[in-house]
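Residue numbers (this note's numbering), protein chains in the order written: chain X, 2 to 139; chain B, 2 to 139. For each residue, glycine too, the CB sits at the ideal point set by N, CA and C. Okay, structure first, notes after.
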DNA sequence: GTATTAATGCACTTCCATTGCATGGTATTT
DNA sequence: AAATACCATGCAATGGAAGTGCATTAATAC
């Protein structure tokens, strides 16, 4: 029983071949992926299965959703210490306008945002757009 | 020739009845609206016309687009001094989880965001979610 | 091994965004 | 003012993503 299966077991998720494949796919990628990305990687699998698998992962806090402003929902594995289920967690994502990839900058925390009186802040979504390290030739 | 017509003229936009109506509609609203919102306000008009009108306004920097994470694009009038065409402008929007309205907080600037070395920041999209002043009973 | 429960696959639906083309209106030229 | 060019509008249709219902198949529990 490998690590992924242990993780699934600890979250009460049934271990299936498809889920293991999808998990491994996400783990290999350093970037956030769309449903279509996953779909293209697994021709045999049905889109609904992928969709529901991701939704399951989301519920169990294995992946988190990213809205990078492209209009298409992306997903990325939660890292150790990723508190994306906690409302006060402050996500920071970087979207490259050149290669169109979105990266989780988990070690970059978002500063406290002030809101006007009467407003209650529950969650903050911050997406920085620009050119990533690969594309800038750094 | 009133102010709106002057504005249109200064941006090389032809003055039409529909455009004036849409502009006035946006001006009355204090919140960001979806295409459907506009559609509902003008039963007679075709969806495409509204869509293209908004796109024209966007090109001419009369409105700016907001992605508040609901998956539906919203639009709001650019205010005086709204530099939404300038890449370094930092938008701040508030989305109420209760009434589902999105508000432009143009007077609340976003602090400088640090990105890792090699990354070039061109634009920042920040959406704070929570409860707005109306819904919090402030 | 049988029963229970959950995962998968297929078909279908809905919603928003977007485009092509014909038509009608606005501005420009002579 | 008539003719022309240019742009706005409306209709129809498309595409893409998200989501749901149901029957089938696979995984766990007894």
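Since residue 122 of chain X sits in a beta bridge, which residues does DSSP pair it with? B/131
Let me know the alpha helix (DSSP H) ranges lying completely inside the segment 14–76 of chain X, each 4 residues or longer, listed in chain order. 18–29, 36–42 and 48–60
Quick check on residue 38 of chain X - is its C-beta less than 8 Å from some C-beta in chain B? no
What residues in the segment 118–132 of chain B have a beta carbon less than 9 Å from any beta carbon of chain X? 118, 119, 120, 121, 122, 123, 124, 125, 126, 127, 128, 129, 130, 131 and 132
Beta-bridge pairing of residue 103 of chain B - partner residues as DSSP gives them: B/33 and B/96
For residue 8 of chain B, which of helix, strand or coil comes out of DSSP? helix
Are residue 12 of chain B and residue 61 of chain B close, meaning C-beta to C-beta below 8 Å? yes
I'd like to know whether the C-beta of residue 76 of chain X is nearer than 8 Å to at least one C-beta of chain B. no
Contact test: residue 28 of chain X Cβ vs the ligand SAH heavy atom, cutoff 7 Å: This structure lacks the ligand SAH, and indeed carries no ligand of any kind.
When you compare only the Cα positions, how much space is there between residue 64 of chain X and residue 54 of chain X? 10 Å
So, at 8 Å on beta carbons, what are the nonlocal neighbours of residue 59 of chain X in its own chain, with the 5 sequence-adjacent residues on each side left out? 65, 66 and 76
Does the Cβ-Cβ distance between residue 94 of chain X and residue 128 of chain X come in under 8 Å? yes
Could you tell me which of B/135, B/17, B/38 and B/119 sits nearest to residue 119 of chain X, measuring between CA atoms? B/135
Minimum Cβ-Cβ distance from residue 115 of chain B to chain X less than 8 Å: yes
Counting only C-beta atoms, is residue 139 of chain X closer than 8 Å to chain B at any point? yes
Counting only C-beta atoms, is residue 65 of chain B closer than 8 Å to chain X at any point? no
Please list the residues of the segment 92–116 of chain X that have a C-beta atom closer than 8 Å to any C-beta atom in chain B, keeping them in chain order. 93, 95, 98, 106, 109, 111, 112, 114, 115 and 116
Can you list the residues of chain B that residue 3 of chain X reaches, using a CB-CB cut of under 8 Å? Ordered by position in chain B, no residue passes the 8 Å Cβ test against residue 3 of chain X, which lies about 32 Å from the chain.
Under the assumption that residue 33 of chain X contacts residue 103 of chain X (Cβ atoms under 8 Å), give the Cβ distance between them as a whole number of angstroms. 4 Å
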